[in-house]
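Just add 11 to the spot in the sequence shown (first one is 1) and you have my numbering.
Just so you know, even glycine gets a beta-carbon here, dropped at the ideal spot from N, CA and C.
Predicted, not measured: the structure shown is a model, and the values here were computed from it.
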Amino acid sequence: MQSKSGQDSLYRRLGGYDAIAAIIADLFQLLGEDERFRRFGPGRGLDSKARAQQLTVELICALAGGPCVYLGRDMKTSHHGLGITVEEWEANLALAARVLQKHGVAAQETQEFLGLFERFRADIVELPPKTA
């Protein structure tokens, strides 16, 4: 799949659906293990967590120029009321960058991948940075 400029899409450069699914699986694993994100786990069953992961794969696949169709809710609706902080947002992106590095994703593709998330910052982050 090529972009309008004739270059291979980010989807293809990342390695396609299976590579994106592996990246997101590793990211969700790290998020689940990280103390900073523990508050998001209680009250969610395994099916709910698996669904969130699958929706993230579909979203990234679609945004990266792949053949997926994202059928989930918009980011503002799905994150409303979670009280996500700037610090949590930045930590999430740092973990994503770490996972991309683990998967051998090049710098340009890493920046493009993180940019797919970054476009939703205003819809997801609800709380300003904590002041000392």
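Taking the CA atoms as reference points, E123 sits about 8 angstroms from L21.
The continuous stretches of alpha helix (DSSP H) do not include C79, and DSSP gives it neither H nor E. Beta-bridge partners assigned by DSSP to D29: none are found. In this structure, V110 places its C-beta atom within 9 angstroms of the C-beta atom of D37. By the neighbour-count definition (other C-beta atoms within 10 Å, threshold 16), E44 is an exposed residue. Residue pairing by DSSP puts L138 in a beta bridge opposite T96.
When the alpha-carbon of F131 is set against those of E46, G27, I71, the nearest one is in I71.
Considering only F128, L82, E120, A75, the residue with the shortest C-alpha distance to E101 is F128. Nearest to T142 by C-alpha distance, out of D29, V97, A118, A33, is V97. R24 is a Cβ neighbour of A117, given a cutoff of 9 angstroms.
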